[in-house]
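Here's the structure, in structure tokens; my notes come after.
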Amino acid sequence: HTTTSYFNWYYNANLRFNESIEQLESNYKFPERGFIEVVYYGNENEAQSLKGNMEAIIKKDDAVLFKHPNGNYVDECRLLNGKCWFYTQEYSAAIQNFEYVIDKYPGSNVLADAYLYLAKTFYQMDNKIMANDILDTKLINNDTLEFSNRTFGELGIFRTKLAIEEEDYDKAAEILKKS
């Protein structure tokens, strides 16, 4: 069941998600003046254009969750569903999925990703206090959490974005050097 879950559903859903995000990022229009975005999550129109792909991904993941509710990929599927909801700007659904991973899978290898995307979600909802609190208490000052290289890099990029918005360019440069 684990191999079936991985290759028939999760692997293909994850591949489709990555292709969708690459397409979103390739459509980014560089501003004529000012700063370029350090990281780009899309605007409302782009979120709408992603909906079809993201709903198909969620449907694939939900099949895994339904057929194998105690399988090895439940946490990964829930994280991916949350990311899909995040990019379609359905933030309440995103939060539900990230918090599910955090609450039900405290030893998961995707726990850092769940916290990072939870912080990003609150940021996108204009709750920068909550986003920074999650970054500080759950990610930056958490010695027990394991980070993949990709997640560590994403965390650095996100923190850099926040520092630039605060016009703390020295802090932004320092974060990038450490990432």
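Heads up: the sequence shown at position 35 corresponds to 35 in our numbering, and the numbers run straight through without jumps.
Using N, Cα and C, we set each Cβ at its ideal position, and we do this for glycine too.
In this structure the stretch 6-22 touches the stretch 44-61; the number of beta carbon pairs closer than 8 angstroms is three or more. Gly52 is classed as exposed because its beta carbon has fewer than 16 other beta carbons within 10 Å across all chains shown. By the Cβ neighbour-count rule, Phe86 is buried, with 16 or more other Cβ atoms within 10 Å of its own.
Between Thr151 and Leu176, the C-beta spacing is not below 7 angstroms. Here DSSP, grouped into helix, strand and coil, assigns Phe30 to coil. Pro31 and Pro69 have their C-alpha atoms spaced approximately 46 angstroms apart. Within the same chain, Ile102, Ile134, Lys138 and Leu139 come within 7 angstroms of Tyr115 by CB-CB distance, once the 5 residues on both sides are set aside. For Tyr117, the enclosing alpha helix (DSSP H) starts and ends at Leu111 to Gln124. The C-beta separation of Asn97 from Asn72 comes to about 17 angstroms, leaving the pair out of contact by the 8 angstroms criterion.
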